[in-house]
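A.B. asks: After the structure tokens below, expect a handful of questions from me.
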Amino acid sequence: MQDNISSSLPGSGQTGKPPPSRMRRPSWWQLFWNKTGSYISVALGSIVGAVARFLVSVLFVSQFGDGFPWGTLFVNVTGSFVIGFYAALTGPDGRLFVSARQRLFVMVGICGGYTTFSAFSLETLRLVQSGKVQTAFVYLLVSAITWIAGVWIGHALASRLNRL
Numbered sequence: 001m002q003d004n005i006s007s008s009l010p011g012s013g014q015t016g017k018p019p020p021s022r023m024r025r026p027s028w029w030q031l032f033w034n035k036t037g038s039y040i041s042v043a044l045g046s047i048v049g050a051v052a053r054f055l056v057s058v059l060f061v062s063q064f065g066d067g068f069p070w071g072t073l074f075v076n077v078t079g080s081f082v083i084g085f086y087a088a089l090t091g092p093d094g095r096l097f098v099s100a101r102q103r104l105f106v107m108v109g110i111c112g113g114y115t116t117f118s119a120f121s122l123e124t125l126r127l128v129q130s131g132k133v134q135t136a137f138v139y140l141l142v143s144a145i146t147w148i149a150g151v152w153i154g155h156a157l158a159s160r161l162n163r164l
């Protein structure tokens, strides 16, 4: 009869793994996290992003008044920059390796909670309803151009960092 030590040595025909009945089962936390971790990551990131957006909006209204939606323009441009930068920095060719859940936390959670298309739409409608059609058109045009510029600049900057 072989003892446990010699049966797990190379060439003994054994793999060294315990029999299935003795393998460690995942804890309830591991099972829970495996099934819900992505949702939790997005939810926590959304909290961070939404609170940051609220604080920025309050700051901009206190500094510039509420005649023009500077706060929304700012959060959408900076959010576009961040998502472009982070996507390139952590992408397949990126310099920084992060897990899929970390990407969800930042890109879907934080950036999604921070930026706001719905507030932009409502503010544009309110500008039109108050008779500021020209201002609404400029806001729409400037927003679209700066959002695309923000994501492009962020992506280009991170891509350049990746090549260093």
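Take the UniProt record's numbering: the final residue in the sequence shown is number 164, and no numbers are missing along the way.
C-beta atoms are modelled at their ideal positions from N, C-alpha and C, and glycine is treated no differently.
Measuring only the C-alpha atoms, how far is Gly37 from Val128?
C.D. replies: The alpha-carbon atoms of Gly37 and Val128 are separated by roughly 42 Å.
A.B. asks: How many angstroms separate the CA atom of Arg126 from the CA atom of Lys35?
C.D. replies: Using only the alpha carbons, I get a separation of about 42 Å.
A.B. asks: Using the three-state DSSP reduction, which class does residue 242 fall into: helix, strand or coil?
C.D. replies: Since the displayed the chain opens at 1 and closes at 164, residue 242 lies outside it and no answer follows.
A.B. asks: Is Met107 helix, strand or coil by DSSP?
C.D. replies: Helix.
A.B. asks: From which residue to which residue does the alpha helix (DSSP H) around Phe120 run?
C.D. replies: Element bounds for Phe120: Phe117 to Gln129.
A.B. asks: How would you label Ser62, buried or exposed, when you count the other beta carbons within 10 angstroms and need 16 or more for buried?
C.D. replies: By the neighbour-count rule (16 or more Cβ atoms within 10 Å), Ser62 is not buried but exposed.
A.B. asks: If I follow the unbroken alpha helix (DSSP H) through Phe68, where does it start and stop?
C.D. replies: Per DSSP, Phe68 belongs to no alpha helix (DSSP H) and is neither H nor E.
A.B. asks: Starting from Leu141 and walking both ways along the alpha helix (DSSP H), at which residues does that stretch end?
C.D. replies: Per DSSP, Leu141 belongs to the alpha helix (DSSP H) from Val133 to Arg163.
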